[in-house]
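Numbering (the numbering used here), first residue to last: 963 to 1173.
Every residue gets a Cβ at the ideal spot worked out from N, C-alpha and C, and that includes glycine.
Quantities reported herein were computed from a predicted structural model and do not represent experimental measurements.
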């Protein structure tokens, strides 16, 4: 099967959502995938809404606009309210449980959900602003669409050298956390297939009835 994933990443301005969208797109390009990236900005520079859509595919991408995404990165409550219901059956969402109440998040059944306490993990790493990198690491580990090492190389290429080690640590911390969560997660329930309707037997002709 050809590699393909699409994702909507959403949060508020200042969380670095568009940066990790760029990093994922850049990683896809480094791995010779077809890539599209569409950012959406809110009116405010900081504190407003921000989201982006990224598509990675081995085949030609038909459209960069995704209405029913196969995956989500949710950074805050308003983003959950807006996008969770659009997630495709069998999809996966990574939710920042530091800012989203777990009881509000859809779990099990038709989708997979990985709750990531990204703010706390970023604090453990040593930089509260690394929340976005933690979530990106969790996403990459959960989907396996690109290699974590590729994303690390992209970090080194676009970030100032002095903050690269910290962000690589944040990336790996998010990846490790997500893998532990996935290891204990039940498989997604596939919707039951409807039974094929029984075909009525053709009526016998008068000649057949006589025979």
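When the options are compared against residue i, the one with the closest alpha-carbon
i	options	result
residue 977	1147, 1044, 1075, 1037	1037
residue 1032	1047, 1092, 1141	1047
residue 1072	992, 963, 983, 1051	1051
residue 1025	1039, 996, 1003	996
residue 974	1000, 1085, 1061, 1099	1061
residue 1112	980, 979, 994	994
residue 1144	1063, 1100, 1064	1100
residue 1059	1053, 1117, 1081	1081
Separation of residue j from residue i, as counted between CA atoms
i	j	result
residue 1028	residue 1088	35 Å
residue 1131	residue 1041	26 Å
residue 969	residue 1015	6 Å
residue 1011	residue 989	25 Å
residue 965	residue 1109	13 Å
residue 1001	residue 984	9 Å
residue 1128	residue 1114	11 Å
residue 1064	residue 1039	10 Å
residue 1090	residue 1030	31 Å
residue 1126	residue 1133	10 Å
residue 1117	residue 1141	21 Å
residue 963	residue 992	20 Å
residue 1093	residue 999	21 Å
residue 1043	residue 1049	12 Å
residue 1156	residue 1098	Its pLDDT being 38, under 50, residue 1156 is placed unreliably in this model, and the coordinates cannot settle the point.
residue 1147	residue 1053	14 Å
residue 1086	residue 1003	30 Å
Distance CB(residue i)-CB(residue j) smaller than 8 Å
i	j	result
residue 1034	residue 1055	yes
residue 1045	residue 972	yes
residue 1095	residue 967	no
residue 1013	residue 979	yes
Neighbour flag for residue i against chain B, beta carbons, 8 Å
i	result
residue 1094	Here chain B cannot be found, since the structure has a single protein chain.
query = Taking one C-beta from the segment 1051-1069 and one from the segment 1018-1026 each time, how about it: are there three or more such pairs within less than 8 Å?
reply = Taking a cut-off of 8 Å on C-beta distances, the segment 1051-1069 does not touch the segment 1018-1026, as fewer than three cross pairs fall below it.
ask   = Below 8 Å, can you find three or more Cβ-Cβ pairs linking the segment 1075-1082 to the segment 1115-1123?
value = Output reads no: the segment 1115-1123 does not touch the segment 1075-1082.
ask   = Counting pairs of Cβ atoms below 8 Å between the segment 1087-1105 and the segment 1137-1144, do you hit three or more?
value = Verdict: yes, contact present.
key: Segments assigned alpha helix (DSSP H), at least 4 residues, entirely inside the segment 989-1060   = DSSP runs (the alpha helix (DSSP H)) wholly in the segment 989-1060: 1039-1045.
key: Continuous alpha helix (DSSP H) assignments of at least 4 residues falling wholly in the segment 1060-1146   = Runs found: 1080-1087, 1093-1105, 1110-1120, 1126-1145.
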